[in-house]
Each structure stands twice: as structure tokens, then as C-alpha cells.
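Heads up: the sequence shown begins at 7 in my numbering, then just goes up one per residue.
We put the beta carbon where it would ideally sit given N, CA and C, even for glycine.
Everything numeric in this text was worked out from a predicted model, so none of it was measured.
Down below is the structure, laid out as C-alpha cells.
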Amino acid sequence: MATMKSLIGLINKIQRACTVLGDHGGEGMSLWEALPTVAVVGGQSSGKSSVLESVVGRDFLPRGSGIVTRRPLVLQLHKTEEGTTEYAEFLHAPKKKFADFAAVRKEIEDETDRITGKSKQISNIPIQLSIYSPNVVNLTLIDLPGLTKVAVEGQPDSIVQDIENMVRSYVEKPNCIILAISPANQDIATSDAIKLAREVDPTGERTFGVATKLDIMDKGTDCLDVLEGRSYRLQHPWVGIVNRSQADINKRVDMIAARRKEREYFETSPEYGHLASRMGSEYLAKLLSQHLETVIRQKIPSIVALINKSIDDINAELDRIGRPIAVDSGAQLYTILELCRAFDRVFKEHLDGGRPGGDRIYGVFDHQLPAALKKLPFDRHLSTKNVQKVVSEADGYQPHLIAPEQGYRRLIDGSISYFKGPAEATVDAVHFVLKELVRKSISETEELKRFPTLAGDIAAAANEALERFRDESRKTVLRLVDMESSYLTVEFFRKLHLEPEKEKPNPRNAPAPNADPYSDNHFRKIGSNVSAYINMVCDTLRNSLPKAVVYCQVREAKRSLLNFFYAQVGRKEVINIIIAPLLWLLGEDSQTVNNIKIMMQKEKLGAMLDEDPQLMERRGTLAKRLELYKQARDDIDAVAWK
């Protein structure tokens with residue numbers, strides 16, 4: 007069966023680990039908030055500090071006027087064997103043991119000022135203090151700032167509400183046991199602690215009432231109605247405490263002696279003698295320790311459930327943002343190649359129709375290219391006036407005898423040259439679409455989001471490859487256009503020449519013997535013939551240009567977009583050719599040279615896998631928290647609950 011020491015010690019261990027990771031409540035249902043705790047609540051001058059010091063048996067808390075406790079103090083008490091030396095440890099200084107409890111008080115003050123400064127501000131970041139002593143019971147208490155109604159000099163007016171909000175954030179949690187400190191020499195009805203406790207725990211199931219300063223009540227009055235449960239009844243019995251007097255504090259009266267004096271007071275008191283066995287700081291400590299053990303036993307299943315759920319949630323988030331990358335170059339290279347393949351898959355899905363975007367390439371071929379071809383200035387180039395000019399210039403001093411072949415060739419070459427513009431525009435339009443698909447694919451590849459440097463390198467390499475594909479595609483489409491000029495389709499013109507011979511002679515339509523063979527009709531006929539031929543070429547290019555563009559750009563983008571990048575990633579030629587000989591010249595031995603080469607390659611790969619610092623910090627935080635939860639689960643499993 008689990009002992010009280012093992013149960014409370016287990017919670018203390020988990021609580022310390024939570025504090026190290028910055029989990030001290032106030033941010034939803036954290037593990038800290040799931041752990042059963044005892045929060046000490048009271049107004050200023052209620053005797054709260056004296057109660058804690060009586061429970062510990064040591065004078066160690068800061069004292070003074072105004073608000074002295076400005077940060078929560080998580081006080082973990084560990085009972086040791088009789089005769090052992092008492093000492094204290096702070097979580098923020100784990101390797102330092104404090105045997106002098108005056109030094110403990112000074113450290114609490116210094117650590118408070120480290121966070122809040124000298125401005126008397128408050129902070130919800132707790133100070134974690136462990137005390138090991140044979141004079142304590144196993145117990146954990148959280149000392150909270152005293153509730154107040156008026157801000158002191160140097161504090162903002164909001165300090166009253168700020169303190170209440172902090173205290174409320176602790177005591178409203180269902181796993182918090184409330185130790186409400188109220189001075190008996192004042193009306194309990196006005197007690198700040200009881201008022202707050204009743205708001206957050208109306209049934210009183212989580213509240214322990216403590217009445218202090220019983221020995222300085224007005225003569226003829228007592229606190230029996232409260233202590234015996236007739237007034238301000240709670241589910242748990244009230245406990246009376248007799249604090250040290252200010253004179254005892256000034257004289258530094260030993261706390262063990264003060265405990266003995268407290269016992270004598272209750273045993274000899276005519277009002278409270280019959281309650282003596284259930285009064286005093288020693289009884290209060292034992293009562294709280296036993297109750298805390300009971301609550302821990304009850305809450306263990308829900309704590310385990312929270313831990314398991316948290317482990318699942320953290321693992322899911324780590325899977326989403328990515329697990330840590332191995333440090334060896336082989337694993338890094340494998341990771342880089344896998345990320346490249348993930349990008350390549352997304353890019354191909356865009357091209358093949360699994361994702362939107364690839365259809366824009368067809369739009370270039372089906373709409374943009376035909377529209378550009380229709381806008382070519384053939385009407386101007388093949389106008390009667392321009393045809394006459396080109397034919398005349400081609401004839402030179404000797405006009406053509408039968409057909410102006412040179413004129414035809416010049417007109418055709420000039421017309422075909424206009425196709426170069428739409429051809430190059432088609433190449434550029436497809437190039438723009440491919441670049442945009444690269445950009446979208448980079449942003450849509452989830453695996454790359456954690457590696458902005460690598461994503462940038464892949465994007466740069468992909469765009470460089472697209473530039474090469476565009477250059478090759480431009481050369482190819484221009485070759486197609488040039489091919490149409492380099493060899494004309496003879497059959498087309500032979501058919502034109504034979505068509506008039508098929509017609510029957512018509513003497514009435516025969517030209518007059520003195521008609522001009524170079525009339526406008528003649529040049530219009532030439533222009534018409536060239537236009538018909540250019541239309542045939544246009545139909546050919548309208549079909550062949552998309553094929554060339556797809557072959558040179560789209561096909562290559564699907565096949566080898568990152569091939570050059572793959573070669574560069576694992577490449578060692580620069581290191582082998584330049585760096586290694588230089589190291590030899592400097593007198594380095596072969597092993598050193600090899601180590602430096604490996605290191606440089608690792609640095610190169612590591613730089614590519616450089617992550618967003620915020621993401622790395624988040625992963626580190628999650629990994630530490632995951633380790634905390636796993637260790638907490640193992641620690642709980644190690645305790646026999648039955």
C-alpha cells in the first residue's frame with residue numbers, strides 16, 4: 007500500500023518538474039492545476055505567516071509592513087529521520103543547501119525582487135522551496151499574497167484586484183484545498199479568506215478554517231461558536247492557532263518552544279481545554295497531511311487520464327510540426343531527398359489535374375496562342391501596295407519573266423517571321439504558369455513548412471531548371487518557325503499554277519494585247535497566294551508549337567525539375583577539389599582532412615535543414631513537456647495504489 011510519504015512525495019516531484027517547465031497554472035487545465043494542493047489564504051495581518059512558520063517549526067518568511075508576499079511560495083515539506091540536520095533547497099538554486107533559515111528569508115526576498123523588482127508589484131510565477139526536517143509532516147502548501155483592501159505607496163490602484171484575481175485563480179480550481187486564515191480577534195463575518203472561500207467553495211468541501219490570535223481576543227469573548235461548528239460551519243472542523251507574539255518574534259523565540267507554549271495554552275485554557283487535542287499548529291499540519299493524502303488517492307485516476315490525454319495531444323502536435331532531425335549527414339541527406347520528393351509529388355499533382363493550375367497551360371494553347379496568331383499583321387504585310395514594293399525590289403533591274411519567285415520568297419519569309427512573336431510568347435506564358443505552380447507547390451507541401459531555408463533552396467533550384475527548360479523550348483519553337491522558311495511546300499504552288507489551265511479559254515475575258523501585266527490585280531493575286539500559304543503554315547504551327555512547348559518545358563518539369571538540385575545536395579567536388587588540397591598544403595594529415603570534409607558536408611546539409619527558431623523552440627518545449635508527462639506516468643505506475 008502506498009505510504010503518505012510516497013503519495014505526497016510523488017505530487018511534489020511532479021509539481022517541481024512542472025515549475026521547471028513554466029507550468030504553474032493559470033493557462034487552462036495544466037498538469038499543475040490537476041495536482042491536489044493546499045493554498046493558504048488570508049488577509050494582511052491575519053497571522054498567515056505565523057501559521058506557516060509554526061507548521062514548519064522555523065522562522066523563515068519575510069516580514070514587514072504592507073504586502074510582503076508578492077509571489078506564490080510553493081512550500082514542500084519533507085519529513086526526515088530524527089536527528090538529521092534541517093535544511094532547505096530552492097528549485098531555482100538546486101545545488102545549494104540552506105542550513106541557515108535567515109538566509110532562506112533573504113533568498114525569498116531576493117528571488118521575489120528578481121521577477122517583480124523593487125516596485126512592490128506582484129507576479130504569479132511561484133517560488134519553489136523544499137524544507138527537509140524531522141520536525142515537519144509530509145505536506146505541500148502554497149502561500150499566496152495576503153488579500154488587501156488598500157494599495158500601499160508605490161503600488162498601482164489595481165493591486166487590490168490583482169491580488170484577489172491571483173488568489174482566486176488558485177482556489178477556484180476543484181483540486182485545490184483552501185486553508186482560510188481568519189483572525190479570531192476580528193469579526194469572522196468580515197474575514198476576506200472566508201468570504202472568498204464561500205464564493206469558490208459554497209459547500210465548504212474543500213475549505214479548512216483556521217482561527218488565529220485566540221489568545222489576544224477581548225476579555226469575556228471567545229471563539230467557541232466557530233471552533234465547535236455552530237457559526238460559519240464548514241465540512242471540515244475549524245482549528246484554533248495561537249501565534250507567537252510580536253515580543254517573541256523580536257526575541258527570536260525558538261519555534262519548537264513556541265509550539266510547546268501553544269500546546270500549554272490550549273491544555274490549560276478554561277475555554278478551549280476540551281478541544282486541546284484538536285487545536286494547534288501541529289494538529290493542523292497532521293490534519294492537512296492526512297487529508298491531502300486522501301485527496302491524492304481520489305484524484306490519481308483523473309490525473310492519469312489527463313496525463314495520457316496530454317501525451318496523445320503532444321505527440322499529435324509533434325507529428326504535425328515534425329520530429330527532430332538526426333545530426334548525421336546520411337540521415338540529413340535522406341531527409342532532404344524525402345522532402346524534395348514530397349514537393350515533387352505536389353507539383354506533379356498540379357500538372358496532372360489532381361490539384362488546380364495545370365489547366366492554365368492548356369488555356370495558353372487553346373486561347374492565348376490562337377488569339378495571338380489572329381492579331382498578326384498579315385493584311386498590312388500582304389497589301390497590294392506592299393506586295394508590289396517587295397516584288398519590285400526582288401526583281402531588281404530585270405523584272406520577272408513568268409512568276410516573281412524571289413518576290414514570293416521574300417513575302418513568305420517576311421510573313422513567317424511574324425510567327426516568332428507568338429511562339430516566344432507561348433513559351434514565356436507556360437514558363438510563368440510553371441513558376442507559379444512551383445510557388446504554390448512549395449507553400450502546399452506541409453513537410454517543407456518547418457524548413458524555410460530548404461524551401462527557398464528548392465524553389466530557387468526549380469526556377470533555375472525552369473529557366474533552362476524555357477531556353478531550350480524557345481530555341482525549339484524558333485527552329486520550327488525557321489523550318490517553315492527554310493523549305494517551302496512546292497505542291498501548294500504547283501496547284502496554284504495548274505488551276506488556270508483547267509479553265510476553258512474565254513476570248514472575251516482574254517487581256518487586251520496592250521494590257522499591263524503588273525496591274526493591281528496581278529499583285530493582289532500574288533498577295534492572295536502568299537496569304538493562303540501562310541494560313542497553311544499557321545495551321546501547322548498552331549498544332550506543332552504546343553507539342554514543342556510541352557515536350558521541352560512541361561515534360562521536362564515533370565521528369566527532371568530537381569535533378570540538378572539532387573546532384574548538388576550530395577556533391578563533394580568543391581570540397582575535394584579546392585578545400586582538401588589547401589588543407590594538405592597547410593600540413594594537415596589525411597585523417598584531419600577527411601574529418602574537415604565530413605564536417606563541412608554536415609554543415610552544408612544542416613544549414614539547409616535550418617528551421618524557424620520559433621518552431622524549434624516550440625518543439626523543444628513540447629519534447630520537455632512530453633518527457634515530464636511520461637516520467638509522471640511512470641512514477642505513478644511505480645506506486646502501488648491497492
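With distances taken between CA atoms, ILE331 lies nearest to ARG456 out of ARG456, LEU79 and ALA105. Per the coordinates, the alpha-carbon of GLY63 lies some 17 Å from the alpha-carbon of ILE148. ILE184 and ALA203 do touch by the CB rule: their CB atoms are close to 5 Å apart, below 8 Å. When rounded, the separation of the alpha-carbon atoms in ASP163 and ILE169 is 11 Å. For PRO189, the pairing in a beta bridge is given by DSSP as THR218. Ranked by Cα distance from GLU344, the first of SER136, ARG269, SER283 and TYR572 is TYR572. As computed with DSSP, PHE96 is found in a beta bridge with ALA99 and LEU135.
Each of GLY279, GLN161, ASN181 and ARG258 was checked against the Cα of LEU233, and the nearest Cα belongs to GLY279. In terms of Cβ geometry, ARG303 and LEU13 form a close pair [threshold 8 Å]. Nearest in C-alpha terms to ILE121, of all of LYS315, PHE107, THR75 and ILE540, is THR75. With fewer than 16 other Cβ atoms from the protein chains shown falling within 10 Å of its own Cβ, ASN321 counts as exposed.
Per DSSP, the unbroken alpha helix (DSSP H) holding THR432 starts and ends at 426-450.
In the three-state scheme derived from DSSP, where H, G and I count as helix and E and B as strand, GLY336 is classed as helix. Look at VAL156 here: in three-state DSSP terms it is coil, with no helix or strand label.
The beta carbon of ARG530 lies closer than 8 Å to those of THR390 and VAL393 in the same chain, with the five residues before and after it left out. Residue environment for THR274: exposed (fewer than 16 other C-beta atoms within 10 angstroms of its C-beta). Residue pairing by DSSP places ASP149 opposite VAL46 and LEU79 in a beta bridge.
A direct Cα-to-Cα measurement between THR218 and ALA186 gives close to 10 Å.
DSSP places VAL245 within a strand segment (E or B) once states are collapsed to three. Of the other Cβ atoms in all chains shown, 16 or more fall within 10 Å of the Cβ of PRO410; this residue is therefore buried. As a beta-bridge residue in DSSP terms, ILE183 pairs with VAL44. Within the same chain, and ignoring the five residues on either side of ILE222 in sequence, the residues whose Cβ sits closer than 6 Å to its Cβ are ASN191.
Between PHE96 and GLN134 the beta-carbon gap is near 7 Å, inside 8 Å, which marks them as a contact.
DSSP places MET285 outside any alpha helix (DSSP H), giving it a letter other than H or E. Counting only runs of 4+ residues, the alpha helix (DSSP H) found wholly inside the segment 369-403 occupies 375-380, 384-387 and 390-401, in chain order. PHE104 is bridged by DSSP to ALA94.
GLU473 and ILE342 have their alpha carbons spaced roughly 23 Å apart. By the beta-carbon neighbour count (other beta carbons within 10 angstroms, threshold 16), THR146 is buried. Residue environment for ALA613: exposed (fewer than 16 other C-beta atoms within 10 angstroms of its C-beta). In this structure the segment 249-265 does not touch the segment 86-95; the number of beta carbon pairs closer than 8 Å is below three. According to DSSP, LYS267 shares a beta bridge with no other residue.
For THR213, the secondary structure class from DSSP, reduced to helix, strand or coil, is strand. In the structure shown, LYS636 adopts helical secondary structure according to DSSP, grouped into three states. Inclusion of VAL142 and LEU83 in the CB contact set at 8 Å is warranted, their separation being smaller than that value. Note that the C-beta distance between ALA468 and LEU357 is not below 8 Å. Per DSSP, the unbroken alpha helix (DSSP H) holding LYS564 starts and ends at 561-566.
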